[in-house]
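Asks: Below are the structure tokens for one structure; questions will follow.
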Amino acid sequence: AAVGKGNFRHFMEKELHEHPAVLGDTLRRMISPSSRAVALPPLPFDLAGVPRVTISACGSAFYAGMVARTWFEQVARIPADGDVASEFRYRTPPLPEGGLALLVSQSGETADTLAALRYMREQRQHVLSVLNVPESSMARESDVVLETVAGPEIGVASTKAFTAQLAVMACLALAAGRARGSISAAQEAAMTASLLEVPSRAAEVLEHDEHIQRIAARIAEARDVLYLGRGSCFPIAMEGALKLKEISYIHAEGYAAGEMKHGPIALIDRNVPVIAIVPSGPLFEKTASNLQEAAARGGQVIVFSDAAGAAKLKGIAVETVVLPRVDPFVAPILYAIPVQLLAYHVAVLKGTDVDQPRNLAKSVTVE
Ligand code: G6P
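With the UniProt record's numbering, letter number 290 in the sequence shown gets 530, and the count goes up by one each step, no holes.
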């Protein structure tokens, strides 16, 4: 049956509002409610013996993969790295036999990602794909598919599929951590509990819609926008910048907050909004000092944080969106939502074709 927009103006808006349901559906399939342990479908290899995780994808799916990289390193203590699929195979990277190839794709049809998958297979990796379309080319060529249960995504700019990819890979990283003994059963239970809270926290985030709309009015005037984040929220900064470019046609860059002083700081003046993805956690203070540097140069700092973080940044932020406090482990999932919402509202104000932005395709099946 054809999917409709319901009462929403655009598919993207409808899909943004599906975050809580999609995250709930995706997580419930992977976490046992009684034991609070991750329960993956049977894997044809042992996560405990994987020497390395190699991640490849395109666009938003790649940024989801880069968040997952931090989880594999920190939670599962497995060497993990990756590259955009259009570069990956041309580097001809040597990969350790029996490593895990992790491909991420909403459609399962992206030509470059499929080619990366084939390269990884030649390199004798176990091929695991995180896909939203289970009957796809990538599904057919994978050893195992972990499904995102996002439902059809019509808007060209990915929203709910992105957060669902994060949810699936968070579970995979926990399963790997457990298999390798880098986290205990109690730690796993605490982390799955944080994950299971995300759907209701996501619903709270959507209640900030009007505030984010007001911030969008500021952004719509800008020519350039800088997004900053650190650690697992650095890819969320890149995703925020990508979304803004894609649908509002405003130039934006996502940068690692600490790298700002090596370049983008030269661009900052009162006309450049600086959007900070800065949840409380071990990296907060470092990012806060980078934001201080931006504010000192006239940068209009717009903060996405929780109440504790917002209080500390009060003196330098021109706008603050106060999000629910969550475990830093799940923060990138939650913080992706307001960032997508902001891009959406800027695009609406600019009057662009939100669901079908110029020159872009939902799925790119040519190299
Ligand atoms: C296109 C879409 C993006 C998407 C990317 C990868 O560029 O516009 O939203 O992230 O392809 O697509 P995939 O289907 O592989 O996730």
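Even for Gly, the Cβ is constructed at its ideal location relative to N, Cα and C.
Using the beta carbon as the reference atom, which residues fall closer than 6 Å to any heavy atom of the ligand G6P, ordered along the chain?
Replies: Here the residues close to the ligand G6P, judged by CB distance below 6 Å to any of its heavy atoms, are 298, 299, 300, 301, 345, 346, 347, 350, 353, 396, 397, 398, 600, 602, 603 and 604 in chain order.
Asks: Which residues in the same chain have their Cβ closer than 6 Å to the Cβ of residue 392, if we skip the five residues on either side of it in sequence?
Replies: Taking the sequence shown and counting its residues from 1, the one referred to as residue 392 is at position 152. Excluding sequence neighbours, residue 392 sits near 243.
Asks: Going by beta carbon distance, what residues of the same chain come within less than 7 Å of residue 521, once the five residues before and after it are set aside?
Replies: Looking up residue 521 in the sequence shown gives position 281. 568 and 571, listed in sequence order.
Asks: Beta strand (DSSP E) containing residue 496: first to last residue?
Replies: Looking up residue 496 in the sequence shown gives position 256. Segment 491-496, the beta strand (DSSP E) holding residue 496.
Asks: In the structure shown, what three-state DSSP assignment does residue 471 receive?
Replies: Within the sequence shown, residue 471 is the residue found at index 231, counting from 1. Secondary structure at residue 471: helix, using DSSP grouped into helix, strand and coil.
Asks: Report yes if the CB atom of residue 369 is closer than 8 Å to the CB atom of residue 301, and no otherwise.
Replies: By one-based count along the sequence shown, residue 369 stands at place 129. By one-based count along the sequence shown, residue 301 stands at place 61. No, these two residues do not count as a Cβ contact at 8 Å.
Asks: Where does residue 538 land, buried or exposed, given buried means 16+ other C-beta within 10 angstroms?
Replies: Taking the first residue of the sequence shown as 1, we reach residue 538 at position 298. It counts as exposed.
Asks: Less than 7 Å between C-beta atoms, sequence neighbours within five positions excluded: which residues of the same chain meet that for residue 356?
Replies: Here the question's residue 356 lines up with position 116 in the sequence shown. Hits under 7 Å: 296, 325, 328, 329 and 343.
Asks: Specify the secondary structure class of residue 251 as computed by DSSP and reduced to three states.
Replies: Within the sequence shown, residue 251 is the residue found at index 11, counting from 1. Here residue 251 sits in helix by DSSP.
Asks: What do you get for residue 606, buried or exposed, if any count of 16 or more other CB atoms within 10 angstroms of its CB means buried?
Replies: Locating residue 606 in the sequence shown gives position 366, counting from the first residue. Result: exposed.
Asks: What separation, rounded to the nearest whole angstrom, lies between the Cα atoms of residue 530 and residue 500?
Replies: Residue mapping note: residue 530 aligns to position 290 of the sequence shown, counting from 1. Residue mapping note: residue 500 aligns to position 260 of the sequence shown, counting from 1. Using only the alpha carbons, I get a separation of about 8 Å.
Asks: What do you get for residue 372, buried or exposed, if any count of 16 or more other CB atoms within 10 angstroms of its CB means buried?
Replies: The residue you call residue 372 lines up with position 132 of the sequence shown. Buried: at least 16 other Cβ atoms inside 10 Å.
Asks: Here's the rule I'm using: 16 or more other beta-carbon atoms within 10 Å means buried, otherwise exposed. How should residue 555 be labelled?
Replies: Counting from one through the sequence shown, the residue named residue 555 turns up at place 315. Exposed is the call here.
Asks: May I have the straight-line CA-CA distance separating residue 379 from residue 353, to the nearest angstrom?
Replies: Taking the first residue of the sequence shown as position 1, residue 379 is located at position 139. Taking the first residue of the sequence shown as position 1, residue 353 is located at position 113. Cα-Cα distance, rounded: 12 Å.
Asks: Please state whether DSSP places residue 377 in a helix, a strand or coil.
Replies: Counting from 1 along the sequence shown, the entry for residue 377 is found at position 137. In this structure, residue 377 counts as helix in the three-state DSSP scheme.
Asks: Taking all protein chains shown into account, decide if residue 479 is buried (16 or more other Cβ within 10 angstroms of its Cβ) or exposed.
Replies: For the purposes of this step, residue 479 is identified with residue 239 of the sequence shown, where counting begins at 1. Classification of residue 479: buried, given that the 10 Å Cβ count is 16 or more.
Asks: Identify every run of the alpha helix (DSSP H) within the region 312-388, keeping only runs that are complete inside it and at least 4 residues long; order them along the chain.
Replies: 325-328, 351-362 and 377-380
Asks: For residue 544, report the span of its beta strand (DSSP E) as first-last.
Replies: Position 304 of the sequence shown, counted from the first residue, corresponds to residue 544. 540-546 is the extent of the beta strand (DSSP E) around residue 544.
Asks: Distance, Cα to Cα, residue 510 vs residue 518?
Replies: Taking the first residue of the sequence shown as position 1, residue 510 is located at position 270. Taking the first residue of the sequence shown as position 1, residue 518 is located at position 278. Near 21 Å, if we compare the C-alpha coordinates of residue 518 and residue 510.
Asks: Can you tell which of 543, 263 and 576 has its C-alpha closest to the C-alpha of residue 387?
Replies: For the purposes of this step, residue 387 is identified with residue 147 of the sequence shown, where counting begins at 1. Comparing alpha-carbon positions, the option among 543, 263 and 576 lying closest to residue 387 turns out to be 263.
Asks: Does the ligand NAD have even one heavy atom less than 7 Å from the beta-carbon of residue 300?
Replies: The ligand NAD is absent from the structure shown, which contains only the ligand G6P.
Asks: Should residue 250 be labelled buried (16 or more other beta-carbon atoms within 10 Å of its own) or exposed?
Replies: On the sequence shown, residue 250 is found 10 positions in, with the first residue counted as 1. Looking at its Cβ environment, which holds 16 or more other Cβ atoms inside 10 Å, residue 250 is buried.
Asks: Give the DSSP bridge partners of residue 297, in chain order.
Replies: Position 57 of the sequence shown, counting from 1, holds the residue named residue 297. Looking at the DSSP assignment, residue 297 forms a beta bridge with 324 and 344.
Asks: Can you tell me whether residue 418 is buried or exposed, with buried defined as 16 or more other CB within 10 angstroms of its CB?
Replies: For the purposes of this step, residue 418 is identified with residue 178 of the sequence shown, where counting begins at 1. With 16 or more other Cβ atoms within 10 Å, it is buried.
Asks: Please say whether residue 420 and residue 317 have beta carbons closer to each other than 8 Å?
Replies: By one-based count along the sequence shown, residue 317 stands at place 77. By one-based count along the sequence shown, residue 420 stands at place 180. Against a cut-off of 8 Å, the Cβ pair of residue 420 and residue 317 comes out as a contact.
Asks: Residue 432 to residue 276, Cα distance in whole Å?
Replies: The residue given as residue 432 occupies position 192 in the sequence shown. The residue given as residue 276 occupies position 36 in the sequence shown. For residue 432 and residue 276, the distance between alpha carbons rounds to 6 Å.
Asks: If you count every other CB in all the chains shown that lies within 10 Å of the CB of residue 441, and 16 or more means buried, which is it?
Replies: Reading the sequence shown from its first residue, position 201 is the one you call residue 441. The residue is buried, with at least 16 neighbouring Cβ atoms inside 10 Å.
Asks: Taking a contact to mean a Cβ-Cβ separation below 8 Å, would you say residue 558 touches residue 540 in this structure?
Replies: Indexing the sequence shown from 1 puts residue 558 at position 318. Indexing the sequence shown from 1 puts residue 540 at position 300. For residue 558 and residue 540, yes; Cβs fall inside 8 Å.
Asks: Do the region 305-317 and the region 331-339 make contact, defined as three or more Cβ pairs closer than 8 Å?
Replies: no
Asks: Round the Cβ separation of residue 508 and residue 548 to the nearest angstrom and send it over; I've been treating them as touching at under 8 Å.
Replies: Along the sequence shown, one-based indexing puts residue 508 at 268. Along the sequence shown, one-based indexing puts residue 548 at 308. Not a contact, Cβ separation roughly 26 Å.
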